[in-house]
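Chemist: Mind looking over this structure? Questions follow.
Residue numbers (this note's numbering): 2 to 409.
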């Protein structure tokens with residue numbers, strides 16, 4: 002895992018901290034195929050004013066349990082990440098892949114975030130009171146998700162959709178309550194109780210305030226359908242009424258919908274232009290750019306008083322003027338995206354990854370936000386090799402990114 006700290010100049014390869022399970026103070030030991038950091042989340046879990054990083058290791062062998070999985074909480078500090086604790090699976094006999102999905106949210110409204118941990122089954126575990134000395138407690142949330150390959154669900158995200166001061170938990174995947182196994186997303190108020198069922202499967206999900214009303218909205222990415230769907234929050238939470246689906250065929254959205262583009266493979270939310278309405282970045286990792294197959298691109302959609310819209314949208318790829326690099330076949334630029342203000346100028350900056358770049362060594366791009374949207378001015382890029390991680394192929398640098406900035 003590579004931590005890149007922001008500054009007045011944004012990010013660069015020179016300000017990185019490489020963290021593995023062999024790093025001093027990090028729980029566990031690095032082993033082949035553990036997939037440490039394949040799921041990531043951030044938040045100030047112990048309330049000390051520094052953002053902590055949560056890293057899932059879903060294929061960690063735990064005793065005799067192959068692929069049992071663990072989760073490491075790594076503490077933020079003035080000098081970066083320092084030390085951590087391990088969360089182990091409370092029900093190891095029930096499933097594998099503990100830690101394959103992560104979400105941080107204040108589900109009880111006490112002002113301190115809790116941690117939701119996904120598994121290879123239909124249950125989610127909620128951890129409360131995480132500190133350097135232990136965990137105050139945990140509880141199980143059973144969902145009605147059906148298995149989809151090795152996972153019961155694909156997306157896990159938190160947001161306060163009804164404005165009650167408590168975050169709700171969204172679980173996206175395939176729903177088996179009615180035996181149809183159709184795609185759906187389940188919204189659990191305060192991560193408990195009976196969910197609201199939204200009729201859209203989510204491979205990716207993010208939350209933010211697209212319409213500026215003070216309540217979180219939800220964005221779901223459905224790459225199989227080449228679509229993203231925005232649900233607006235309100236006093237009654239999220240409902241299917243008034244939801245808006247956008248594709249590359251929607252007015253103002255760049256491009257044309259094509260089979261297997263995977264529009265919506267990755268989504269992120271942040272206020273790029275500083276107008277008070279959150280915007281969205283949408284990864285299109287298999288997009289053919291010009292004659293180059295699977296080069297990939299990112300589409301930036303704008304928020305407005307009317308919610309998320311295609312009006313004023315932008316497209317960014319390695320062929321965009323000022324963006325480092327060049328479009329190459331099968332780079333898959335946009336496989337992972339994040340929007341966060343890395344230089345504290347009031348504009349969310351775009352991070353986009355191409356994990357297949359340079360024989361799958363992988364690379365990351367950072368493009369600044371501005372009043373006019375994402376700009377290639379001062380754009381930077383660095384690979385696993387230039388970040389000091391590895392020069393080897395098949396490193397897949399950038400394949401996973403958390404949803405918020407590393408705090409100070």
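C-beta atoms are modelled at their ideal positions from N, C-alpha and C, and glycine is treated no differently.
For residue 5, name the three-state secondary structure that DSSP assigns.
Modeler: strand
Chemist: My output table needs one value for residue 225: the three-state DSSP class, helix, strand or coil.
Modeler: Looking at residue 225 - three-state DSSP - the assignment turns out to be helix.
Chemist: Roughly how many angstroms lie between the CA atoms of residue 225 and residue 205, to the nearest whole one?
Modeler: 11 angstroms
Chemist: Based on DSSP bridge pairs, tell me the residues matched to residue 1.
Modeler: With the chain represented from 2 up to 409, any question about residue 1 goes unanswered, as that position is not in the structure.
Chemist: Under 6 angstroms Cβ to Cβ from residue 274, same chain only, skipping five residues before and after it: list those, please.
Modeler: Cβ neighbours of residue 274 beyond the five flanking positions: 372, 374.
Chemist: Determine the contact status of residue 250 and residue 234, defining contact as a CB-CB distance below 8 angstroms.
Modeler: no
Chemist: Rounded to a whole number of angstroms, what is the C-alpha to C-alpha distance between residue 309 and residue 246?
Modeler: One C-alpha to the other measures close to 9 angstroms.
Chemist: Please report the straight-line C-alpha distance between residue 240 and residue 269, rounded to a whole angstrom.
Modeler: 21 angstroms
Chemist: Does the structure place the region 108-115 close enough to the region 92-100 that three or more beta carbon pairs sit under 8 angstroms?
Modeler: no
Chemist: Using DSSP's beta-bridge definition, name the partner residues of residue 411.
Modeler: Examination of residue 411 is not possible in this model, given that the chain is present from 2 through 409 alone.
Chemist: Which residues mark the beginning and the end of the beta strand (DSSP E) in which residue 78 is found?
Modeler: 71-78
Chemist: Is there contact between the region 160-168 and the region 131-140, where contact requires at least three CB pairs shorter than 8 angstroms?
Modeler: no
Chemist: Helix, strand or coil: how does DSSP classify residue 205 here?
Modeler: strand
Chemist: Indicate the three-state DSSP secondary structure (helix, strand or coil) for residue 361 in the structure shown.
Modeler: helix
Chemist: Using 8 angstroms as the threshold, is the region 334-341 in touch with the region 287-298, meaning 3 or more CB pairs across them?
Modeler: yes
Chemist: Taking the C-alpha atoms as reference points, what is the distance between residue 243 and residue 229?
Modeler: 14 angstroms
Chemist: By Cβ distance below 7 angstroms, which residues in the same chain neighbour residue 384 in space, the five residues on each side in sequence not counted?
Modeler: 358, 359, 362, 363, 364, 398
Chemist: Have a look at 350, 315, 354 and flag the residue whose alpha-carbon is nearest the alpha-carbon of residue 331.
Modeler: 354
Chemist: Is it buried or exposed, residue 51, if we count other Cβ atoms within 10 angstroms and call 16 or more buried?
Modeler: buried
Chemist: Suppose you measure from the CA of residue 88 to the CA of residue 124; what does that come to, to the nearest Å?
Modeler: 16 angstroms
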